[in-house]
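2 protein chains.
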Amino acid sequence: MGIAERKERQKAELREQILAAAREIVLEQGFEALSMRKIAEAIEYSPATIYLHFASRDDIALELVREGFAEMLGAIAPATALADPVERLRDIGRRYVRFGLEHPLTYRLIFMEDPKFSNSVIGQQLDAPGEPGSIAFEVLERTVEELVSKGIFRPIDPEIASQLLWAGVHGIVSLRLACASTANYFQDIEALTEHFLEVVENGVRAHPNN
Amino acid sequence: MGIAERKERQKAELREQILAAAREIVLEQGFEALSMRKIAEAIEYSPATIYLHFASRDDIALELVREGFAEMLGAIAPATALADPVERLRDIGRRYVRFGLEHPLTYRLIFMEDPKFSNSVIGQQLDAPGEPGSIAFEVLERTVEELVSKGIFRPIDPEIASQLLWAGVHGIVSLRLACASTANYFQDIEALTEHFLEVVENGVRAHPNN
DNA sequence: GTCTATAGGCTGATAGAC
DNA sequence: GTCTATCAGCCTATAGAC
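In order, the protein sequences belong to chains A and B. The numbering used here puts the first residue of the first sequence at 1, with every later residue one more than the last. The numbering used here puts the first residue of the second sequence at 1, with every later residue one more than the last.
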């Protein structure tokens, strides 16, 4: 059945081409500029052909958000390897912020563009136990747990602490993306991140060390 | 010159009607649904008439973002009246989050919708010393200063501390708005806000009280 | 599988009549 | 000041030919 396989391969390739073209349009012209016609032009097929691979524009957009989310998790993942929970926690925060700053349009796409897609993707990732997003959040929670059990952090609900950390780094990134030109007020985001991590760490520490 | 005045009054009235209609459309159908035709239909004038009061759709949108920002500041302002700086700081945070949750679409419009407008409005507000936004941020900074000078907070740069607080509450609100349906993970935003304020307070306190 | 052609919308903005 | 009419363009999605 070599012929059927080749056909399937070609079909999958075209699907990938569509997504790649869509990604490029979003990264170059913004999310709202994404249209079936532009994708068609980029891949040198007619708009009608795209509908053989995706049911709608929303389907493509959703897939892009999914990919963006996965890309973000991939950028944060290396932090997991750190043995020291204090360093691991900091590294997660730093990597999160760095990803947001280095991929502002991807970050916007995931969290700020269309609530319909953000909601669907983030919700799916967090509600299903096996999903990468769920696992990433669990790593965060378990790191907090470790810090508590080692007596470094005072007893604090790991879920709440994790949500605080997430909200904090998300706030730093998304506020920056919302007022990117307001350079006067958010000059050094990396430094702000360090301060945030230090303040939170200090705020939940069992034996304050300032 | 009563006639000229009446005409001016009527002109201003129509301008207000346009903005009111635009606001309603954005709050009911979302920002991207805002169009000149829909506004025209709502005010029962032809689309061409709107152009006598606003140069473009962007002009109207910008004005809406400006108004939204002002509305937010107005909702936070009462916190200024609190004499106790600790309570004042907490109240600012609480009011900020409450406004975001009670006016999600206005909050989205200000910070998450179109960076073009967010940027312009937030930038203008923060860069010009006399603007309400600038003043609000100064109140925050001065509150931190007061806490430091009274020995309640350790010596910390008030600007950095203020940015941290802003980023934190913004993160709480905007993450919630991005994944509104993910109720499992962000059940009680008010409680999360309390934890955030407590952790930050504790993290910068001169004499830890846990 | 891929195309052309098109239905059936929507949009911002403006010229020119009244 | 306000209108009608319209330009010039965008869009998603599909029917039907090849």
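No residue lacks a Cβ here, since even glycine has one placed at the ideal position from N, Cα and C.
Residues near residue i in its chain [Cβ-Cβ closer than 8 Å; skip 5 each side]
i	result
A:N210	Unreliable placement is indicated for A:N210, whose pLDDT of 46 sits below 50; the coordinate value is still reported in the next sentence. Cβ within range, chain order: N202.
B:T193	G93, R94, V97, V169, I172
A:G30	L105
A:D127	S134
Straight-line Cα distance separating residue j from residue i
i	j	result
A:C179	B:D114	11 Å
A:M72	A:I43	26 Å
B:G93	A:L52	50 Å
B:Q187	A:R66	24 Å
B:Q124	B:F69	11 Å
B:D91	A:S120	33 Å
B:I110	B:T182	22 Å
B:A77	A:A81	46 Å
B:A136	B:A55	31 Å
B:S218	A:L177	Outside the displayed span of chain B (1 to 210) sits residue 218 of chain B, for which this structure offers no information.
B:R108	A:G130	31 Å
A:M112	A:S118	7 Å
A:E41	A:I18	10 Å
B:I25	A:V139	43 Å
B:E16	B:Q10	10 Å
A:A12	A:E28	24 Å
A:I160	B:H195	8 Å
A:Y185	B:S162	10 Å
B:Y45	B:E5	22 Å
B:E87	B:L164	18 Å
A:K7	A:E102	38 Å
A:K38	A:A83	47 Å
A:A167	A:I122	14 Å
A:V200	A:E141	15 Å
A:V204	B:K116	38 Å
B:A75	A:A79	40 Å
A:A191	A:I3	57 Å
B:S149	A:S149	36 Å
In DSSP terms, what residue i is bridged to
i	result
A:F153	A:R205
Residues of its chain near residue i, where Cβ-Cβ distance is below 6 Å and the 5 sequence neighbours each way are ignored
i	result
B:L89	T143
B:P272	Beyond the ends of chain B as shown, which are 1 and 210, falls residue 272 of chain B; an answer cannot be given.
A:G151	A206
B:L147	P85, F153
A:T106	G68
B:G100	Y107, V173
A:L197	R90, G93
Close beta carbons around residue i, own chain, < 7 Å, minus the five adjacent residues each side
i	result
B:M36	P47, I50, R57
B:E145	P158
B:R23	L64
A:A33	I25
B:L14	H53
B:I189	V97, L101, I172, R176
A:A21	I39, A42, I43
Listed from N- to C-terminal order along the chain, which residues in the region 40-60 of chain A have their beta-carbon within a distance smaller than 8 Å of any beta-carbon of chain B? none
Please identify, using Cβ separations under 7 Å, the residues of the region 182-209 of chain A that lie next to chain B, in order along the chain. T182, N184, Y185, F186, L192, H195, F196, V199, V200, N202, G203, V204, P208
Determine, using beta-carbon pairs with one atom in the region 61-71 of chain A and one in the region 148-155 of chain A, whether at least three such pairs fall under 8 Å. no
Name, going along the chain, the residues of the region 147-173 of chain B whose beta-carbon falls closer than 9 Å to a beta-carbon of chain A. R154, I156, D157, E159, I160, A161, Q163, L164, W166, A167, G168, V169, H170, G171, I172, V173
Looking at chain B, which residues of the region 114-129 of chain A have a Cβ within less than 7 Å of any of its Cβ atoms? P115, S118, N119, I122, G123, L126, D127
Mind checking the region 7-38 of chain A against chain B and listing, in chain order, the residues whose C-beta falls within less than 8 Å of any C-beta there? E32
Please identify, using Cβ separations under 7 Å, the residues of the region 88-111 of chain B that lie next to chain A, in order along the chain. F111
Taking any Cβ of chain B, which residues in the region 61-73 of chain A have a Cβ under 8 Å from it, in chain order? none
In chain order, what residues of the region 136-147 of chain B put their CB closer than 7 Å to some CB of chain A? none
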